[in-house]
Structure formats: C-alpha cells, structure tokens
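*Asks:* Quick one: the structure is below, and I'll ask about it shortly.
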Amino acid sequence: MEHIASVGIVHRDLAARNILLDENKVLKISDFGLSREGTYIKRTRGKIPFRWLSIEAMVERFYSSASDVWAFGIVLMEICTLGDVPYPTISDKDLEDFLLNGKRMGKVESCTNDM
C-alpha cells in the first residue's frame, strides 16, 4: 500500500477479498477497478464498499491515501476474525451515525496487543 500511495494511486476498495496470497506467502493487492490517481471526490452515486469506507469517504465522498489506511485497519479486523463482516452488530443505516459519534470497532479477542 505504501508503494501505491507513493505513485499517487488511491485504491478505494481495499478489503480482504481484494488481497491475494502467492506461492511464497507474499500478499498482493488486487482489483484496481475503483482506483484513481491522486485524491478523488466521488460526484456520482453507485455501489461502494460501505463498511470499509473512512468517515470522510462516507460523508463527503472524499478519497485519499488516508482513506486507504482506514480500509487497511478494517482489513486487519477481517484477518483477526477470519473473515467476519466489519461492524457485525451495526446495521448499514446506523453505521454512519455510529462512526460520526466517535464510536469504533472494539478490539477482537483474537487480535494481539502488538497488532
């Protein structure tokens, strides 16, 4: 992800489903279908990976490398929970308010303190 950001690309769909593992157990980022160069403001409505969105992407439709960093945190949660859906107890319609009120996902039991 550091390389992607260094060449000015915002992925916009970073999720476990878009990370591949090669024969040497090296992770590879895939599915650049939603990616854009530089910061990006989405002007149209359309299908988006809602539960992986940063607050600024969710509210202002503003995407940057920082929104990819947020999504990476969600990916870590997916890994620690062996693929659970992010925010499993929060409905789609309540998720934006949940985040805007400063609430976040709690630490999952399988996630180490070092992580």
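If you're matching positions, the sequence shown starts at 1439 in this note's numbering and goes up one per residue. Just so it is clear, CB atoms sit at the ideal spot from N, CA and C, and this is done for glycine as well.
For Leu-1533, report the span of its alpha helix (DSSP H) as first-last.
*Replies:* Taking the first residue of the sequence shown as 1, we reach residue 1533 at position 95. Residues 1530–1538.
*Asks:* Looking only at its own chain, which residues have a Cβ that is under 8 angstroms from the Cβ of Lys-1466, when we skip the five neighbours before and after it?
*Replies:* Counting from one through the sequence shown, the residue named residue 1466 turns up at place 28. Excluding sequence neighbours, Lys-1466 sits near Ile-1457, Leu-1458, Leu-1459, Asp-1460.
*Asks:* Over what stretch of residues does the beta strand (DSSP E) that includes Leu-1465 continue unbroken?
*Replies:* Along the sequence shown, one-based indexing puts residue 1465 at 27. First-last of the beta strand (DSSP E) with Leu-1465: 1465–1467.
*Asks:* Going straight from the alpha carbon of Tyr-1501 to that of Trp-1508, what length do you get?
*Replies:* If you number the sequence shown from 1, residue 1501 lands on position 63. If you number the sequence shown from 1, residue 1508 lands on position 70. Each residue's alpha carbon lies about 11 angstroms from the other.
*Asks:* Should His-1449 be labelled buried (16 or more other beta-carbon atoms within 10 Å of its own) or exposed?
*Replies:* Numbered from 1 along the sequence shown, position 11 holds the residue referred to as residue 1449. Under this definition His-1449 is a buried residue.
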